[in-house]
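Engineer: Our numbering puts the first residue of the sequence shown at 12, with every later residue one more than the last.
Glycine included, each C-beta is placed from N, C-alpha and C at the ideal position.
Please read all numbers here as calculations on a predicted model, not as lab measurements.
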Amino acid sequence: MEKLKNKKMAVRLLWATFGSLLFAAGVNIIILPLHLYNGTFLGIAQLIRTFLVDYLKIAALSGINLDGIIFWLLNVPLFFMAWKVLGRGFFWLSVYTTTIETLFMTFIPIPNTPIIEDYLTACIIGGLVAGVGTGMILRGGSSGGGQDTLGMVCAKKYPSFSVGKVSILMNIFVYGICFMIFDIEITVYSLIYATVMAMTCDRVHVQNISLSVMIFTKKDGVEQAIMNEMRRGVTEWEGKGSYTKEDSKVFVVMISKYEQNEITRIVSEIDPNAFMIFTEGAKAVGNFEKRLS
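And the structure:
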C-alpha cells in the first residue's frame with residue numbers, strides 16, 4: 012500500500028515538474044520577448060515588476076526574471092486556502108509546483124529577439140504550450156498557484172466553475188488595467204494568448220470534464236464494485252433486450268473523464284461483454300462530488 016502511494020506521488024511530481032517546465036518555457040521563450048502580458052496572478056506579478064523596474068527604477072539582477080519571484084510571494088495567502096479547502100496533500104504539491112515553476116520562470120533565459128515575430132502565431136503557439144503545461148499540473152493533482160488554486164477551490168464548491176473560467180474572469184480585470192496603461196495592440200494580443208491558454212488548460216485538465224456513463228450487463232456485482240472502488244453513486248434500472256427479450260441490468264453513473272479508464276477496467280473485469288456508453292460534458296445538478304485531484 013505504501014509503495015502504491017509513493018508511486019502515485021512520484022507520478023504527480025513528474026506531471027507537476029514537466030507541466031511547470033512547459034508553462035515557463037511557453038511564457039519566457041514565446042510570450043515575454045514580444046512584451047505581452049499574462050493574465051491572472053502572473054499578470055499581476057508582471058505589472059508589479061513593470062512598476063518596480065520602469066517607474067521606481069529598481070534594477071533586476073542580470074539573467075533574473077523578477078516575475079516568478081513576485082508570483083511566488085503573491086501565492087502565499089493561497090497556500091493557506093489550499094490547505095483549508097483542498098487538503099494537505101494538495102497544499103504540499105502546490106508549494107512544490109509553485110516553487111519549481113518560479114525557478115523555471117526565473118532562470119529560463121528570455122530571448123532578446125522574438126523567436127516567433129508574428130504576434131497572432133505567437134499567441135496561439137504560446138497559449139497552447141502554456142495551456143498544456145498548466146493542464147498537466149492540474150491533471151497530476153497539483154496546482155501552479157494563482158488562478159489554478161483559486162479555480163480549484165471555486166470548482167470544488169461550485170461545480171459549474173472551472174479553472175479556465177476563473178482565469179478568463181481574472182483576465183478581464185488584469186487586461187482592463189493593461190488597456191489603461193499600455194498600447195491597445197499589446198492588450199488585445201495578450202488577451203488572445205490568455206484565452207487560448209485557458210481553453211487548452213480546460214481540455215487537458217480532464218478531471219474538470221464530467222461524463223455520464225450507462226452500463227448494460229447481465230452479471231451481478233458491477234454496481235457494488237463501482238461503489239466500493241470508486242466511491243461513486245450508482246442508479247440501477249431493469250432492462251430487457253428488444254431482440255433477445257433477455258433481462259439485463261442498466262446502471263447510470265456520473266464520473267469525471269479522468270476516471271474513465273478506471274470504471275472501464277472495473278466493469279470489464281466482472282463482465283467483458285458489458286456494453287458501455289460515455290457521454291461527455293453531462294451537467295449534474297444535485298449531489299455530485301467533483302474530484303479535481
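In this structure, does DSSP put T117 in helix, strand or coil?
Structural biologist: Locating residue 117 in the sequence shown gives position 106, where the first residue counts as 1. In the structure shown, T117 sits in a helix (DSSP, three-state: H, G or I).
Engineer: Would you please state the rounded distance, in angstroms, between the beta carbons of A35 and F115? I believe it to be under 8 Å.
Structural biologist: Position 24 of the sequence shown, counting from 1, holds the residue named residue 35. Position 104 of the sequence shown, counting from 1, holds the residue named residue 115. At roughly 3 Å, the Cβ-Cβ gap stays under 8 Å, so A35 and F115 are in contact.
Engineer: Rounding to the nearest angstrom, what Cα-Cα distance links T160 and F90 in this structure?
Structural biologist: Along the sequence shown, one-based indexing puts residue 160 at 149. Along the sequence shown, one-based indexing puts residue 90 at 79. Using only the alpha carbons, I get a separation of about 8 Å.
Engineer: Compare the beta carbon distance of V215 and F262 with 9 Å and say whether it is the shorter of the two.
Structural biologist: In the sequence shown, the residue the question calls residue 215 occupies position 204. In the sequence shown, the residue the question calls residue 262 occupies position 251. Contact: no.
Engineer: How big is the Cα-Cα spacing for L33 and D213?
Structural biologist: Within the sequence shown, residue 33 is the residue found at index 22, counting from 1. Within the sequence shown, residue 213 is the residue found at index 202, counting from 1. When rounded, the distance between both Cα atoms is 16 Å.
Engineer: Can you tell me whether L25 is buried or exposed, with buried defined as 16 or more other CB within 10 angstroms of its CB?
Structural biologist: Locating residue 25 in the sequence shown gives position 14, where the first residue counts as 1. Per the 10 Å Cβ criterion, exposed.
Engineer: Would you mind working out which of I192, T113 and I148 sits nearest V22, comparing C-alpha positions?
Structural biologist: Working through the sequence shown from its first residue, we reach residue 22 at position 11. Nearest option by C-alpha distance: I148.
Engineer: Leaving out five residues on either side along the sequence, give the residues of the same chain with a beta carbon under 6 Å from the beta carbon of S304.
Structural biologist: Counting from 1 along the sequence shown, the entry for residue 304 is found at position 293. A caution first: S304 carries a pLDDT of 49, below 50, which makes its placement in the model unreliable, though a value can still be read off. Correct list, in chain order: F101 and G152.
Engineer: For the stretch 125-132 against the stretch 92-109, do three or more pairs of beta-carbon atoms, one drawn from each stretch, fall closer than 8 Å, so that the two count as touching?
Structural biologist: No, because fewer than three Cβ pairs between the stretch 125-132 and the stretch 92-109 fall closer than 8 Å, the two stretches do not touch.
Engineer: How long is the line joining the alpha carbons of Q235 and I126, rounded to whole angstroms?
Structural biologist: Counting from one through the sequence shown, the residue named residue 235 turns up at place 224. Counting from one through the sequence shown, the residue named residue 126 turns up at place 115. One C-alpha to the other measures close to 56 Å.
Engineer: What does DSSP give as the partner residue(s) for T246 in the beta ladder?
Structural biologist: In the sequence shown, residue 246 corresponds to position 235, counting from 1. T246 is bridged to V263.
Engineer: Entirely within the stretch 181-251 and at least 4 residues each: give me those alpha helix (DSSP H) ranges in chain order.
Structural biologist: Whole alpha helix (DSSP H) segments, 4+ residues: 195-215 and 233-241.
Engineer: Looking at C-alpha atoms only, which residue of I266, K256 and D258 is the closest neighbour of M238?
Structural biologist: Position 227 of the sequence shown, counting from 1, holds the residue named residue 238. It is I266.
Engineer: Going by the DSSP bridge assignment, what does D258 pair with across the sheet?
Structural biologist: Taking the first residue of the sequence shown as position 1, residue 258 is located at position 247. Beta-bridge pairing links D258 to K251.
Engineer: How many angstroms separate the CA atom of I136 from the CA atom of S201?
Structural biologist: Translated into the one-based positions of the sequence shown, residue 136 becomes position 125. Translated into the one-based positions of the sequence shown, residue 201 becomes position 190. Between I136 and S201, the C-alpha separation is close to 13 Å.
Engineer: Taking C-alpha atoms, which residue in E240, M163 and E280 lies nearest to G98?
Structural biologist: Numbered from 1 along the sequence shown, position 87 holds the residue referred to as residue 98. It is M163 whose Cα lies nearest to the Cα of G98.
Engineer: Output needed for K229: all residues of its chain with C-beta closer than 6 Å, excluding positions within five of it in sequence on either side, in chain order.
Structural biologist: Position 218 of the sequence shown, counted from the start, is the residue given in the question as residue 229. Closer than 6 Å at the Cβ level, and outside the excluded window around K229, lie S259.
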